[in-house]
Each structure stands twice: as structure tokens, then as C-alpha cells.
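A short write-up of the structure that comes next.
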Amino acid sequence: MKIFSAFGRLIRAMIYTLLGDVSKWSEVWESSSSYIHAEYDDIKKEQIGSIESTTDAVSGLMELTAQKEARLEKLSKDIESYSRKKAGAKAKADKQVQKMKNSGASVESIKNDPTVMKCLEFYDNFRSTLEAKEEEAEIITSEIEKHQASLVKYKLQLQKMHTELKNIDQEKHETIADMEIAKAEQKVSNTLLGLSQSKTDERRQRIQSLRRKNRARADIKAEIAGVATEDVEAEFEEFAASSEAQDEFFDLIGLEEKTPAEATQDEEESRIPE
Numbered sequence: 130m131k132i133f134s135a136f137g138r139l140i141r142a143m144i145y146t147l148l149g150d151v152s153k154w155s156e157v158w159e160s161s162s163s164y165i166h167a168e169y170d171d172i173k174k175e176q177i178g179s180i181e182s183t184t185d186a187v188s189g190l191m192e193l194t195a196q197k198e199a200r201l202e203k204l205s206k207d208i209e210s211y212s213r214k215k216a217g218a219k220a221k222a223d224k225q226v227q228k229m230k231n232s233g234a235s236v237e238s239i240k241n242d243p244t245v246m247k248c249l250e251f252y253d254n255f256r257s258t259l260e261a262k263e264e265e266a267e268i269i270t271s272e273i274e275k276h277q278a279s280l281v282k283y284k285l286q287l288q289k290m291h292t293e294l295k296n297i298d299q300e301k302h303e304t305i306a307d308m309e310i311a312k313a314e315q316k317v318s319n320t321l322l323g324l325s326q327s328k329t330d331e332r333r334q335r336i337q338s339l340r341r342k343n344r345a346r347a348d349i350k351a352e353i354a355g356v357a358t359e360d361v362e363a364e365f366e367e368f369a370a371s372s373e374a375q376d377e378f379f380d381l382i383g384l385e386e387k388t389p390a391e392a393t394q395d396e397e398e399s400r401i402p403e
């Protein structure tokens with residue numbers, strides 16, 4: 130019987146699925162501990178994936194920040210170097226100008242002096258290069274500051290994500306425990322209300338149902354048998370009454386058949402005594 134019952138449940142499940150009535154099964158499945166385990170495992174996987182993605186992004190940002198810091202450090206050295214070179218070109222030009230002034234050279238001759246012209250050329254190159262490097266250094270400094278602010282935010286986010294990851298397992302166990310306790314409480318409540326749906330009660334109900342059906346079937350057969358017996362007996366009584374009436378009538382008109390003894394007795398009674 131258990132095999133047939135299980136097979137029947139399987140058939141009903143297939144019917145529910147084919148008809149689209151899967152809500153009953155989904156409710157049962159979603160209230161099971163297996164479903165909760167599976168859901169939290171998926172949540173944990175997603176959280177781990179998010180942590181890994183964020184970690185990759187943070188590490189990439191840290192690498193980019195490190196590269197820019199290295200570039201800024203080199204720029205700082207270059208700026209310092211070109212600042213000295215520019216100052217050196219100016220100092221050398223100033224020395225040459227002062228020397229020519231002391232010798233009574235004219236302003237025009239000083240401007241056209243090869244040494245002064247060379248110092249001016251280097252000074253202009255050093256100045257333009259220095260300005261470009263200082264501008265680049267300002268941009269990189271601003272970017273580094275933004276990166277560092279983002280790193281602080283993302284690191285805090287990572288710490289929070291790791292904390293959430295630790296809480297997932299605890300939350301999973303607490304949720305399953307709460308659900309199991311709720312089921313137990315509901316079962317107790319149903320039992321107290323007389324609504325328990327245990328397998329024992331279901332079997333007893335089936336047995337009692339079979340008992341009532343068999344009792345009803347037996348009562349119907351007995352009733353039919355009783356009616357049939359009463360009909361036969363009534364038929365016999367009716368036949369007997371009819372037969373007696375016919376015999377009496379036939380006797381009155383002399384058509385009733387008599388036995389030899391009855392005929393001899395009637396003949397002797399009818400003789401006239403001598």
C-alpha cells in the first residue's frame with residue numbers, strides 16, 4: 130500500500146506541475162531546511178564574488194596610485210633639477226652680463242653675446258620644461274588624492290563585506306533554527322487543536338472509512354435480502370388464501386375432487402336406511 134500511495138503522490142505532483150499549480154510544492158520546498166541551505170549558499174557565493182571583484186578593483190586602484198606616486202616622485206626630482214638648471218642658466222648669464230658691463234660693452238653687444246644667448250636658450254628650455262612638469266605634478270597630485278579617498282572608502286566597504294560574509298553563516302543557522310522551531314510550535318498547536326495531520330491519524334481515518342463503507346455495504350445487502358424474504362412469504366400467504374377460497378367454492382358446486390375415502394363416506398351417508 131505504501132508503494133501505491135507514493136506512486137499516487139508522484140502522479141499528483143506531475144499533474145500539479147503540468148497544470149501549473151506549483152505553488153503548493155514551492156511553499157513546501159521554500160519552508161524546508163534544504164532550500165534555506167541552498168539559498169544561503171548562493172548568497173554566500175554572490176558575496177564572495179562581490180568581495181573578489183571589489184578586491185580586484187581596490188588592488189588595481191592601489192597599483193595605479195602607486196604608479197602615479199612613483200611618477201610624482203620622479204617629477205618632483207625633475208622639477209627640482211630643472212629649477213636648479215634654470216637658476217644656473219640665469220646665474221651664468223648674469224655673471225656674463227656683469228662682466229661685459231664692467232668692460233664697458235654696450236647693451237646691444239651684451240644681448241648678442243654668444244654666452245648670453247646660449248644661457249638664454251637654456252634658460253627658456255629649462256623654464257618651459259619645468260612649467261610642464263609642474264603642471265603634470267599638480268594633476269597627478271590631485272588624482273592621487275582622489276584615489277586615496279576612494280581607497281579609504283573601498284577598504285571600509287571591503288571590511289563591511291567581510292563582516293557580512295561572516296554573518297551569512299550565522300544568519301543561515303539562525304534562520305533554519307527559527308523555521309524548525311516554528312514548525313514544531315505549529316505542530317504542537319495543531320495537535321492541541323485536534324488538527325494534527327500525522328500519518329497515524331491518516332491511517333486510522335482510512336481504516337475507519339473502510340469500516341463504514343463495509344458496514345454500509347453489509348447493511349444494504351441485509352436489507353435487500355430481508356425485503357426479498359418478506360416478498361416471498363407474502364406471496365405464499367396470498368397463494369394459500371386464494372387456494373382455500375377456490376377449494377371452498379368448488380366444494381359448494383360439487384366440483385371439488387374428493388379422495389376415495391371421502392367419496393365412500395359421502396356415499397354411505399347418502400343411503401336411505403331400510
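Numbering (my numbering), first residue to last: 130 to 403. Ideal placement from N, C-alpha and C gives every residue a C-beta, glycine not left out. Since the model is a prediction, treat every value here as computed from it, not as a measurement.
Counting along the chain, the unbroken alpha helix (DSSP H) around SER238 starts and ends at 236–240. Two segments are said to touch when three or more pairs of C-beta atoms, one from each, lie closer than 8 Å; by this definition the stretch 280–292 does not touch the stretch 206–216.
Of the other Cβ atoms in all chains shown, 16 or more fall within 10 Å of the Cβ of LEU204; this residue is therefore buried.
When only Cα atoms are considered, SER257 and GLU192 end up about 30 Å apart. CA-CA distance, LEU339 to GLN315, rounds to 30 Å.
Within the same chain, and ignoring the five residues on either side of THR194 in sequence, the residues whose Cβ sits closer than 8 Å to its Cβ are ILE273, HIS276, GLN277, LEU280. Between the C-alpha atoms of ALA199 and THR183 there is a straight-line separation of about 24 Å. By the CB criterion at 7 Å, VAL226 and ILE208 fall outside the cutoff. A direct Cα-to-Cα measurement between TYR252 and GLU237 gives close to 19 Å.
Excluding five sequence positions before and after CYS248, the CB atoms of its chain that fall closer than 8 Å to its own CB belong to ALA218, LYS219, LYS221, ALA222, GLN225, given in chain order. Apart from sequence neighbours up to five positions away, the residues of its chain that approach GLU265 with a beta-carbon distance below 7 Å are LEU204, ordered along the chain.
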